[in-house]
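Numbering (our numbering), first residue to last: 545 to 660. Don't be surprised by glycine CBs; every beta carbon is placed ideally from N, CA and C. Here the structure is a predicted model, which means the values were calculated and not measured. Presented below is the structure to which this report refers.
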């Protein structure tokens with residue numbers, strides 16, 4: 545199983561950015577896909593995630609600004625980020641939990657910076 549993330553870069557505060565993640569390989573149709581982020585010197589935290597057939601859940605810090613969507617047929621998840629703040633600066637990691645095997649998989653991480 546491989547996760548490939550797309551997006552990242554530099555954006556001004558108040559701007560928008562979209563991250564996408566495509567999962568390839570054999571994975572159960574029952575899974576959870578989402579994004580985590582890790583700022584310098586901090587732990588990796590959940591940003592948003594969505595289970596197959598479920599609704600997305602968000603960290604309090606991004607609620608109302610970020611929107612997570614998925615295309616289960618394509619095993620793709622997209623994170624639309626609006627009203628970005630400097631504190632959103634981090635390396636973002638795509639993640640999927642395979643409900644069949646109980647395994648977690650991580651993408652390579654994509655970094656973006658929000659300038660003030």
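Item                                                                                             : Value
Runs of beta strand (DSSP E) wholly within the segment 576-611 (minimum 3 residues, chain order) : 588-595
Endpoints, the beta strand (DSSP E) within which residue 635 is located                          : 634-642
Residues near residue 657 by beta carbon distance below 6 Å, same chain, minus five either side  : 554 and 633
Top-ranked residue by Cα proximity to residue 607, from 615, 620, 592 and 598                    : 592
C-beta atoms of residue 636 and residue 654 nearer than 9 Å                                      : yes
Beta-ladder partner(s) of residue 547, from DSSP                                                 : 567
Distance between residue 546 and residue 651 (C-alpha atoms, nearest Å)                          : 7 Å
Alpha-carbon to alpha-carbon, residue 638 and residue 610                                        : 15 Å
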